[in-house]
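Comments concern the structure below.
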Amino acid sequence: MFGRWLGNRGQAGGRGGALAGVQVPRTAGVLGCRVLDPVNEPVQQAEFVLTDSVGRKVTAGETDPFGSLLATVPAGDYRLAVKAEGFTPFHGAVTVTEGAHATLGDVTLQVAQPAQLPDPGDWDIEPNHSQIGFTARHIGLARIHGRFNTFAGAVRIADRMEDSAMHVVIDAASIDTNVQMRDDHLRSGDFLDVGRYPTLEFYSERFVHRGGNRWGVTGALTLHGVSRTVTLDTRYLGLGNGLEGETRAACRATTELHREDFTLTWQTMLARGIAVVGPSISIDLDIQIVPRG
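Start counting the sequence shown at 19; every next residue gets the next number (the numbering used here).
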């Protein structure tokens, strides 16, 4: 699973060699390792989390372009978790001593088996276990969360996943931020103008595999009478079975929209020159689909 464990045989940290210029507090040590794939190539931007003996996160980050990670932490016993898209996660234990450099050597991640894709055919979005949400910035400080309560959609899975297509229709009037006055304003002509544009629609026939369980789903989003090309950064979560034994597939997707691209230009400013509503909106989708019929 991994190469050599040099673990607890520390070298003096911050006093010579590569760490000569690193200032290490008296009660701390340095932890390091290199993350590789099965053919000994470095894994860049692998995510790592270091937790202490009771499970509290001490530090986290990503590996550098050479697959290396280096952290200065208080002396103690730790668990290191490393994960990267398309690989099986790694978990290991290490002890860091005062003034020493603890190294796990080379940690080799194994290629993960991709999740089974849905069978070809027509699938429907199951709204009771799906959510279309959004987040907007408010007065430059807080975030406002909302969702659309009514929507429907279908996905046609092709023999070759890249040739699949999807169509989603959202009821604009179903917008819900849990504040009636704000929701009424969002439905008005200042924003969604639901009387003239009762639905939002997304249609895609471009599925691009980005490695592992990540896909890019690109299509046309029609909002407020304007259509723009949008790509959903999608993580496929696999197949499962519901309470009645029915087959389900799930995914999570995100994207960011800029209001002015869809002529949603209403704005008012506070006395300090701060916009009440931010220029961009983050979209989060948690979707489950079931076979039609």
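Quick reminder that beta carbons are idealized off the backbone N, C-alpha and C, glycines included.
Owing to the predicted nature of the structure, the values given are computational and were not obtained by experimental measurement.
Going by C-alpha distance, which of the options is nearest residue i?
i: residue 221; options: 260, 172, 89, 229; result: 172
i: residue 85; options: 275, 75, 177, 52; result: 52
i: residue 264; options: 248, 55, 245, 306; result: 306
i: residue 248; options: 236, 259, 255; result: 236
i: residue 219; options: 252, 280, 197; result: 280
i: residue 217; options: 188, 203, 226; result: 188
i: residue 197; options: 246, 162, 133; result: 162
i: residue 312; options: 267, 57, 302, 303; result: For residue 312 there is no data in the structure shown, the boundaries of the chain being 19 and 311.
i: residue 215; options: 192, 98, 120, 56; result: 192
i: residue 254; options: 90, 230, 149; result: 230
i: residue 241; options: 225, 226, 213; result: 213
i: residue 126; options: 300, 41, 62; result: 62
i: residue 114; options: 98, 151, 177; result: 98
i: residue 182; options: 233, 146, 112, 56; result: 233
i: residue 226; options: 179, 199, 169, 112; result: 179
i: residue 129; options: 69, 228, 43, 57; result: 57
i: residue 146; options: 174, 133, 119, 169; result: 169
i: residue 250; options: 282, 199, 304, 43; result: 304
i: residue 148; options: 186, 119, 123; result: 186
Output the boundary residues of the beta strand (DSSP E) element that contains residue i.
i: residue 137; result: Looking at the DSSP string, residue 137 is not in any beta strand (DSSP E), and its letter there is neither H nor E.
i: residue 219; result: 217–229
i: residue 144; result: Careful: residue 144 lies outside any beta strand (DSSP E) and carries neither H nor E.
i: residue 126; result: 118–126
i: residue 65; result: 65–69
i: residue 52; result: 46–54
i: residue 232; result: 232–241
i: residue 110; result: 108–114
i: residue 90; result: 86–92
i: residue 133; result: No beta strand (DSSP E) contains residue 133, which DSSP labels as neither H nor E.
i: residue 76; result: 75–80
Using 10 angstroms around the beta-carbon of residue i, count the other beta-carbons present and answer buried if the total reaches 16, otherwise exposed.
i: residue 277; result: buried
i: residue 261; result: exposed
i: residue 184; result: buried
i: residue 81; result: buried
i: residue 106; result: exposed
i: residue 252; result: buried
i: residue 136; result: buried
i: residue 206; result: exposed
i: residue 243; result: exposed
i: residue 71; result: exposed
i: residue 90; result: buried
i: residue 164; result: buried
i: residue 190; result: buried
i: residue 311; result: exposed
i: residue 73; result: exposed
How big is the Cα-Cα spacing for residue i and residue j?
i: residue 144; j: residue 309; result: 10 Å
i: residue 297; j: residue 273; result: 14 Å
i: residue 131; j: residue 211; result: 46 Å
i: residue 117; j: residue 95; result: 15 Å
i: residue 34; j: residue 48; result: Legend: pLDDT at residue 34 = 46, less than 50; position of this residue unreliable, no value from coordinates given.
i: residue 194; j: residue 166; result: 6 Å
i: residue 204; j: residue 270; result: 25 Å
i: residue 54; j: residue 257; result: 29 Å
i: residue 239; j: residue 208; result: 20 Å
i: residue 108; j: residue 153; result: 33 Å
i: residue 88; j: residue 59; result: 18 Å
i: residue 101; j: residue 64; result: 6 Å
i: residue 121; j: residue 67; result: 15 Å
i: residue 83; j: residue 201; result: 46 Å
i: residue 245; j: residue 104; result: 34 Å
i: residue 21; j: residue 110; result: Caution is warranted here: a pLDDT of 36 is assigned to residue 21, below 50, making its placement in the model unreliable, and the coordinate value is therefore given only provisionally. The straight-line gap from Cα to Cα measures roughly 12 Å.
i: residue 138; j: residue 224; result: 16 Å
i: residue 45; j: residue 76; result: 15 Å
i: residue 293; j: residue 301; result: Low local confidence applies: a pLDDT of 47 at residue 293 is under 50, so the model's placement there is unreliable, with the coordinate-based value given in what follows. Their backbone Cα atoms lie some 20 Å apart in a straight line.
i: residue 134; j: residue 177; result: 13 Å
i: residue 299; j: residue 155; result: 8 Å
i: residue 41; j: residue 174; result: 57 Å
i: residue 275; j: residue 228; result: 21 Å
i: residue 92; j: residue 78; result: 14 Å
i: residue 112; j: residue 43; result: 19 Å
i: residue 124; j: residue 282; result: 51 Å
Quick one: give me the first and last residue of the alpha helix (DSSP H) that residue i is part of.
i: residue 200; result: 198–205
Next on the checklist: Report the start-end ranges of each beta strand (DSSP E) in the segment 259–285 that is 3 residues or longer and not cut off at the edges.
Outcome noted: 265–276
Checklist entry - Taking the runs of the beta strand (DSSP E) that are 3 residues or longer, which of them lie wholly in the segment 158–196? => result 160–166, 169–175, 183–189
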